[in-house]
Amino acid sequence: MKIALLGSGVMGSAVLSSIAAEESVTEVSVTDVRGEVARRVAGEAEDRARSEGYAVSISGGTVGAAAVRDADLIVLAVKPQHMDTLLAQISPHLPGGSPVVSIAAGLPTAYFAQRLPVGTPVVRVMPNTPATIGQGVSAISAGEHATEEHLDLVEALFARTGLVVRVPESQQSVVTGVSGSGPAYVFAMIDALAEAGTAGGLPRALALQLAAHTVAGSGAYAVESGQHPALLREAVSSPGGTTLAGLGELDERAVRAAYLAAVRSAAARADELASQLAGPADDA
Ligand SMILES: NC(=O)C1=CN([C@@H]2O[C@H](COP(=O)(O)OP(=O)(O)OC[C@H]3O[C@@H](n4cnc5c(N)ncnc54)[C@H](OP(=O)(O)O)[C@@H]3O)[C@@H](O)[C@H]2O)C=CC1
Ligand SMILES: O=C(O)[C@@H]1CCC=N1
């Protein structure tokens with residue numbers, strides 16, 4: 000199976016190695032507006048694939064007819080604001096029936112249906128950057144012409160990047176707010192914890208190590224134990240102890256409310272992108 004990956008920035012690169020490791024994938028054509036970026040990303044991914052024993056061929060170049068015309072599946076990994084230009088470039092060259100996968104925030108499958116040949120199966124995916132190390136989470140939704148088989152195929156490809164869940168497309172904006180943007184909230188938390196440790200006199204590198212491992216371990220513990228986070232939090236909080244003193248400060252500063260607002264705001268921005276960009280193709 001040949002995959003065309005269009006856009007080799009942060010997220011395109013993040014999903015590339017995992018997709019290339021799926022056994023049915025024999026060839027990946029990576030493209031970008033800047034061919035040299037795509038060639039570098041493709042070269043690095045091919046080296047990684049070789050070192051891990053995968054015989055996949057990965058090439059890089061600029062976007063054009065050659066990149067997509069014989070692809071069995073096309074992954075669109077450009078910013079929502081660049082999608083219109085990209086679709087106008089590739090649409091006339093798409094092989095009929097090959098599914099198109101978009102990872103763009105906000106853009107509904109109906110947007111693609113208006114811009115791609117009639118009947119093109121579209122699958123919408125919201126991944127996140129921990130996909131780079133196979134620890135991501137991706138939510139997938141089918142567009143009008145996408146079948147169960149198309150979803151199975153996309154699920155198999157993204158399973159290499161971490162957990163894959165299926166959601167109704169109507170939930171994709173809030174998913175984006177929680178898990179698409181979520182890593183940024185967590186990185187900000189690690190940064191803040193590390194800064195607090197440094198302010199308390201720890202060497203900077205040690206503070207960062209403590210903060211990052213605390214977040215990584217707590218996340219893994221929440222996932223593996225399956226216990227509700229309120230119970231896990233309670234187990235850390237001895238009566239009259241240090242943790243309740245710390246949590247009291249978070250409550251005082253409405254940190255929980257801030258997370259709720261952050262997710263609401265990110266989801267609203269996804270909807271806003273959709274309404275700004277997803278008009279009829281002629282008006283875009
Ligand atoms: N970053 C993240 O955490 C996540 C991102 N996403 C989605 O993934 C998509 C890509 O985001 P991200 O990787 O962060 O963005 P990047 O800007 O890092 O990557 C996009 C790449 O596509 C290139 N590009 C722009 N226009 C075209 C075009 N017409 N044809 C081919 N390539 C083009 C860009 O080049 P140049 O830089 O020169 O413009 C850039 O190299 C977005 O739609 C985003 O919503 C989804 C989940 C998480
Ligand atoms: O910030 C963004 O728009 C993208 C989508 C989800 C994460 N990053």
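Everything in the sequence shown is counted per numbering that gives the first Met the number 0, starting at 0 for the first residue and increasing by one. The beta carbon of each residue, even a glycine, is placed where N, CA and C say it ideally should be. As the structure is a computational prediction, the values presented were derived from the model and not from experiment.
Glutamine 171 classed as buried or exposed, judged by whether at least 16 other C-beta atoms fall within 10 angstroms: buried
Residue list, Cβ distance to ligand 2 heavy atoms smaller than 5 angstroms: Ala104, Gly179, Ser180
Test item: CB-CB of valine 29 and isoleucine 57 under 8 angstroms: yes
Bounding residues of the alpha helix (DSSP H) (the contiguous stretch that carries threonine 197): 181 to 198
Sequence-distant residues of the same chain with beta carbon closer than 8 angstroms to proline 116, five excluded per side: Ser90, Leu93, Gly95
Residue range of the unbroken alpha helix (DSSP H) whose run includes valine 77: For valine 77, no alpha helix (DSSP H) segment is defined, and its DSSP state is neither H nor E.
Residue burial classification, glycine 239 (beta-carbon count within 10 angstroms, cutoff 16): exposed
Near ligand 1: arginine 33 beta-carbon under 7 angstroms from a heavy atom: Relative to ligand 1, the beta carbon of arginine 33 is positioned inside 7 angstroms of a heavy atom.
Simplified DSSP state of alanine 283, which is helix, strand or coil: Legend: pLDDT at alanine 283 = 39, less than 50; position of this residue unreliable, value from coordinates given subsequently. Three-state DSSP puts alanine 283 in coil, outside helix and strand.
Completely contained alpha helix (DSSP H) runs for the region 220 to 263, where each covers 4 or more residues: 228 to 235, 241 to 251
DSSP three-state assignment for valine 55, whether helix, strand or coil: coil
Member of Arg39, Arg268, Met0, Pro98 whose CA lies at the smallest distance from the CA of glycine 11: Arg39
Bridge-paired residues (DSSP) for glutamate 168: According to DSSP, which records beta bridges pairwise, glutamate 168 is partnered with nothing at all.
The beta strand (DSSP E) enclosing arginine 68, as first and last residue numbers: Note, arginine 68: premise wrong, no beta strand (DSSP E); not H, not E.
Test: lysine 1 CB closer than 8 angstroms to a CB of chain E: Absent from the structure: chain E. Only one protein chain is present.
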